[in-house]
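Have a look at the structure below before the remarks.
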Amino acid sequence: MITKRIIPCLDVKDGRVVKGVNFEGLSDVSSPVGLGRYYSDNGADELVFYDITASAEGRALFTDILRQVAETVFIPLTVGGGINSIEDFDRVLKCGADKVSVNSGAIRNPDLVGEAARKYGDQCVVLSADVKRVDGEFRVFAKGGRVDTGMEAISWIKRCVANGAGEVVVNSIDTDGVKRGFDLEMLAAVLEAVNVPVIASGGAGGIRDFVELFQKLPTIDAGLAASIFHFGEVTIPELKRELSLHNILVRQTL
Amino acid sequence: MIAVVDYGVGNLFSLRSSLRCIGAESCVSADPAVLRAADRLILPGVGAFGDAADKLRQSGLDRVVLGEAAAGKPVLGICLGMQLLFEKSFEYGEHAGLGLLHGRVVGMEGRIPAELKIPHIGWNALHICRPSPLLRDVREGECVYFVHSFYAEDCEDSLIATAEYGRELTAVVRRENVMGCQFHPEKSGDVGLRILRAFCEETL
Chain D
2 MITKRIIPCL DVKDGRVVKG VNFEGLSDVS SPVGLGRYYS DNGADELVFY
52 DITASAEGRA LFTDILRQVA ETVFIPLTVG GGINSIEDFD RVLKCGADKV
102 SVNSGAIRNP DLVGEAARKY GDQCVVLSAD VKRVDGEFRV FAKGGRVDTG
152 MEAISWIKRC VANGAGEVVV NSIDTDGVKR GFDLEMLAAV LEAVNVPVIA
202 SGGAGGIRDF VELFQKLPTI DAGLAASIFH FGEVTIPELK RELSLHNILV
252 RQTL
Chain F
-12 MIAVVDYGVG NLFSLRSSLR CIGAESCVSA DPAVLRAADR LILPGVGAFG
38 DAADKLRQSG LDRVVLGEAA AGKPVLGICL GMQLLFEKSF EYGEHAGLGL
88 LHGRVVGMEG RIPAELKIPH IGWNALHICR PSPLLRDVRE GECVYFVHSF
138 YAEDCEDSLI ATAEYGRELT AVVRRENVMG CQFHPEKSGD VGLRILRAFC
188 EETL
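Line order of the protein sequences matches chains D and F.
Here the first sequence is numbered in our numbering, starting from 2 and rising by one per residue.
Here the second sequence is numbered in our numbering, starting from -12 and rising by one per residue.
Here it is, written out as structure tokens:
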């Protein structure tokens, strides 16, 4: 049976991983190539790279780094950040990305998801949604979670999936950074609404949060986190060991 | 030299990188002379079966692959490239494949329990049904990365390994020098590299 995926997320700015880390055996902790390789060697099932650079030079540097990552890391790579057009899809896919994640770009241009899915296939298009509770409903936020779009999140996600998004990353702004667990209520609402893989993001503070996620939401496909991996608070081998002990199926690397 | 058959589908960056990583010399080519001169062929593929089969035929490379396979050259189909090795597919209509392997390609829809998501995407364990040099370095239960909505069936004579997803899905096939993986070895970490290495080193 298919295994649950554990996905570290790396924010890259001007060619460097933003969140600081310190691992034994890894000399340059902010090198996207080194850190990507490290996670891959330690059993990450997939890697997400977010380009948070604003400048054109930074963007060129990002694609250059992506190419270097894809030359040495042989697990699925998802790339997001600054994806606003088919040209952006093309740019990162040519450098070795397997999936492309769209967020604000899809909000600005709702046709982007459909166009990309027709050109590259549904499996290639990931909708990333930053969601927050406002006035008793789930709302989609844009621009890194800073701007309320006023759109109801579940119907937005359904619409994007109908247009061809093959996977959805749900990032709960309400639980992000709080480290007290994933937003199970929000994730359950998304799982109820769509039949494509759903990746939980925002709120992981420790191993127990992943155990709870997969136990309480058996149809969730993956858990994504950044800082707890980057700061070494949770290592992927120990996380997978613990998930296995709870009879949650994960890929074991030997 | 391994030649990756370039008939205009898919992104070959990762495949080439993975071959480079295991030290295999490779090229991507649509030139029949280059494909004929290569020691081994890899037939890649993503997207829809009908489109890919058309492109392969329009390029004339179908005849090159068939000729080289008949001459005994090792051929490895990956993902849709594996599906193309079969007789036919029922993905959006009925399309003829290369017919190098017995069997047909059908959709998962209606053939796996409704609660399972389609496509079958993610890491799944291999169940090895028959020993093969291609899987010489792979242990029972090791995981590889799948992304597909259609699968090959009625191919017992070439079946080497399966993956369980509501039913046993064809994962690895082989008949003599013609081989295929439904999953992406170039995205399956160390296990995938071991499979590619076995393909590159195999002597028939």
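Here a beta-carbon is modelled for each residue, glycine too, at the ideal position from N, C-alpha and C.
Everything numeric in this text was worked out from a predicted model, so none of it was measured.
Within chain F, the residues that residue i reaches when beta carbons sit closer than 7 Å
| i | result |
| --- | --- |
| residue 222 of chain D | 109 |
| residue 85 of chain D | Near residue 85 of chain D there are no residues of chain F at all, since even the closest Cβ is about 20 Å away, more than 7 Å. |
| residue 62 of chain D | Within chain F, no residue comes near residue 62 of chain D; the closest Cβ sits about 18 Å away, beyond 7 Å. |
Proximal chain D residues relative to residue i, where beta-carbon distance stays under 8 Å
| i | result |
| --- | --- |
| residue 132 of chain F | 76 and 77 |
| residue 151 of chain F | 2 |
Nearest neighbour of residue i, chosen from the options [CA to CA]
| i | options | result |
| --- | --- | --- |
| residue 84 of chain F | F:90, F:92 and F:75 | F:75 |
| residue 113 of chain F | F:149, F:80 and F:137 | F:149 |
| residue 167 of chain D | F:107, F:53, F:40 and F:63 | F:107 |
| residue 38 of chain D | D:18, D:52 and D:55 | D:18 |
| residue 53 of chain F | F:81, F:23, F:136 and F:34 | F:23 |
| residue 65 of chain D | D:47, D:15, D:102 and D:247 | D:15 |
| residue 168 of chain F | F:17, F:10 and F:65 | F:65 |
| residue 126 of chain F | F:115, F:170 and F:33 | F:115 |
| residue 48 of chain D | D:97, D:233 and D:90 | D:97 |
| residue 143 of chain F | F:91, F:104 and F:82 | F:91 |
| residue 243 of chain D | D:215, D:222 and D:233 | D:215 |
| residue 211 of chain D | D:196, D:232, D:231 and D:184 | D:184 |
| residue 86 of chain F | F:145, F:-12 and F:186 | F:145 |
| residue 82 of chain D | D:95, D:53 and D:63 | D:53 |
| residue 158 of chain D | D:41, D:137 and D:192 | D:192 |
| residue 33 of chain D | D:73, D:208, D:90 and D:249 | D:73 |
Host beta strand (DSSP E) of residue i (start-end)
| i | result |
| --- | --- |
| residue 168 of chain F | 165 to 168 |
| residue 91 of chain F | 91 to 94 |
| residue 152 of chain D | 148 to 153 |
| residue 12 of chain D | 6 to 14 |
| residue 139 of chain D | 138 to 143 |
| residue 137 of chain F | 137 to 140 |
| residue 221 of chain D | Counting along the chain, residue 221 of chain D falls outside any beta strand (DSSP E), and DSSP gives it neither H nor E. |
| residue 52 of chain D | 48 to 52 |
Contacting residues, own chain, Cβ-Cβ under 8 Å from residue i (five flanking each side not counted)
| i | result |
| --- | --- |
| residue 44 of chain D | 7, 237, 238, 241, 252, 253 and 254 |
| residue 146 of chain D | 131, 133, 172, 174 and 177 |
| residue 142 of chain D | 131, 132, 133, 148, 149, 150 and 174 |
| residue 164 of chain F | 56, 59, 60, 61, 62 and 191 |
| residue 96 of chain F | 105 and 136 |
Sequence-distant residues of its chain with Cβ nearer than 6 Å to residue i (five each side left out)
| i | result |
| --- | --- |
| residue 4 of chain F | none |
| residue -5 of chain F | 42 |
| residue 21 of chain D | Confidence at residue 21 of chain D is low in this model, with a pLDDT of 49, below 50, so the placement of that residue is unreliable and no value is reported for it. |
| residue 31 of chain D | 17 and 18 |
| residue 85 of chain D | 106 |
| residue 99 of chain D | 77 and 78 |
| residue 77 of chain F | 93 |
| residue 201 of chain D | 183, 188, 214, 221 and 224 |
| residue 10 of chain D | 49, 225 and 227 |
Element boundaries [alpha helix (DSSP H), containing residue i]
| i | result |
| --- | --- |
| residue 190 of chain F | Careful: residue 190 of chain F lies outside any alpha helix (DSSP H) and carries neither H nor E. |
| residue 63 of chain D | 57 to 73 |
| residue 237 of chain D | 237 to 246 |
| residue 90 of chain D | 87 to 95 |
| residue 231 of chain D | 228 to 231 |
| residue 42 of chain F | 36 to 45 |
| residue 52 of chain F | 48 to 57 |
| residue 120 of chain D | 113 to 121 |
Neighbourhood of residue i by C-beta, 7 Å cutoff - its chain only, sequence neighbours within 5 removed
| i | result |
| --- | --- |
| residue 99 of chain F | 152, 153 and 154 |
| residue 114 of chain D | 103, 107, 126, 128, 161, 164, 165 and 166 |
| residue 188 of chain F | none |
| residue 3 of chain D | none |
Cross-chain neighbours of residue i in chain D, by beta carbon under 9 Å
| i | result |
| --- | --- |
| residue 106 of chain F | 123, 124, 167, 197 and 198 |
Proximal residues of chain F, C-beta to C-beta of residue i below 9 Å
| i | result |
| --- | --- |
| residue 71 of chain D | 0, 1 and 4 |
| residue 97 of chain D | -2, 0, 1 and 4 |
| residue 156 of chain D | Those do not exist, as residue 156 of chain D stays about 20 Å from chain F at its closest Cβ, beyond 9 Å. |
| residue 94 of chain D | -2 and 0 |
Neighbouring residues, chain F, relative to residue i (Cβ below 8 Å)
| i | result |
| --- | --- |
| residue 254 of chain D | 176 and 177 |
| residue 6 of chain D | 109 and 110 |
| residue 89 of chain D | In chain order: nothing, as chain F lies at least about 15 Å away. |
| residue 46 of chain D | 109 and 110 |
| residue 41 of chain D | 176 |
Residue i Cβ short of 7 Å to the ligand MG heavy atom set
| i | result |
| --- | --- |
| residue 83 of chain F | Inclusion of the ligand MG in the displayed structure is not the case, the ligand content being empty and no account of it being possible. |
Item to check | Cβ-based contacts, 8 Å cut-off: residues of the region -4 to 20 of chain F near chain D | outcome: -2, 0, 1, 4, 5, 7 and 8
Next on the checklist: Please identify, using Cβ separations under 9 Å, the residues of the region 159 to 185 of chain F that lie next to chain D, in order along the chain.
Outcome noted: 171, 172, 173, 174, 175, 176, 177, 178, 179 and 180
Next on the checklist: Counting only Cβ-Cβ distances shorter than 9 Å, please list the residues of the region 32 to 66 of chain F near chain D, keeping chain order.
Outcome noted: 33, 34 and 35
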